[in-house]
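Numbering (this note's numbering), first residue to last: 2 to 320. The structure under discussion appears below in the form of structure tokens.
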């Protein structure tokens, strides 16, 4: 009886046929990547002060103040082109201005300090009855912002390149493209969502994107490692059967890991503010994408490359 149960267990690929619907979800994921790239190219990103330079003031009011009143005040103060953005609730706003230019660096710094003092003093005085509080003031020069933007893009590129090399050496070249495209899928759709909704893209968001790449890779490596182990154990089974079984075997581990991590990120989202809240937003989006991309992006691409390798080998043998 025990032998029959063992044999039945070995013949089964698991409870769920994940790859049975893989082609539909994979096509959808590919379409989302293309759409995200189009949105990013055509609409661009709403870069924060870290990337474009300028002055950024975060002000809070209690009771609430309408955004039009804040914009009117900024225009009256001589900052008609100031960008006033609501931060979730109507009682907190992010005011972004371009860096005032001077003839020298010292003069520019003096203009920046005068502008900050004027805005801080004006807001606290004009909105005194509304309980105005200056929560944060950031200043970044345009050259520094451009350098940060370039370094962020290079960091993501080198990260994906090194992962491509690592997975290729650790497993096989069949696994590497799927793993890297899976990570690119998670990162580019996250950035595309930021572009679509015109959310501010800051250095914290960039840090979250790089964290998503590393976190998603972990789950991909676990499944790929189980596939390789099962290939040694089930030599008479095809790669499709082995992949489905491997995904089922690592399912409980994947679900528990994502649930625990998601609880942590959700806590930061609901109870933190400022840069921690910004970081958690990008993480929640990226983790949701990473939860299915390993199964429905990385693994199907590995199966396609495996099929191509067998076809190429057959062509060589029949030549």
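From the three backbone atoms N, C-alpha and C, an ideal C-beta is built for every residue, glycine too.
Restricting attention to 262, 203, 187 and 176, the CA atom closest to the CA of residue 224 is found in 176. Each of 291, 114 and 229 was checked against the Cα of residue 220, and the nearest Cα belongs to 291.
The alpha carbon of residue 297 has as its nearest neighbour, out of 25, 68 and 17, the alpha carbon of 25.
The way I'd put it, the segment 70-80 does touch the segment 112-131; three or more beta-carbon pairs between them come closer than 8 Å.
Ranked by Cα distance from residue 239, the first of 56, 217 and 308 is 308.
Residue 30 is bridged by DSSP to nothing; it lacks a bridge partner.
Taking 4 residues as the shortest admissible run, the segment 43-88 contains the following complete alpha helix (DSSP H) segments, listed from N- to C-terminal end: 50-53 and 68-77.
Membership of residue 140 in the beta strand (DSSP E) is indicated by the continuous run 134-141.
Of the other Cβ atoms in all chains shown, 16 or more fall within 10 Å of the Cβ of residue 216; this residue is therefore buried. When secondary structure is reduced to three states using DSSP, residue 241 falls in the helix class.
Around the beta carbon of residue 227, a 10 Å sphere encloses 16 or more other beta carbons of the protein chains shown; the residue is thus reported as buried. Taking the Cα positions, residue 232 is about 17 Å away from residue 305. Around the CB of residue 187, 16 or more other CB atoms lie within 10 Å, so the residue is classed as buried.
Beta-bridge partners assigned by DSSP to residue 95: 59 and 86. Linking residue 182 to residue 36 through their CA atoms gives a straight-line distance of about 15 Å. Relative to residue 78, the option among 42, 121 and 94 whose CA is nearest is 121. Residue 87 has its alpha-carbon roughly 18 Å from the corresponding atom of residue 272.
At least 8 Å separates the beta-carbon of residue 191 from that of residue 166. Membership of residue 313 in the alpha helix (DSSP H) is indicated by the continuous run 300-319. Look at the beta carbons and you see the segment 149-168 not touching the segment 109-116: under three pairs across the two are nearer than 8 Å. In the DSSP assignment, residue 185 is bridged to no other residue. When the Cα atoms are used, residue 67 and residue 148 turn out to be separated by approximately 35 Å. A straight-line Cα-Cα distance of about 19 Å links residue 253 and residue 265. Comparing C-alpha distances from residue 284 to each of 82, 249 and 269 shows the shortest one belongs to 269.
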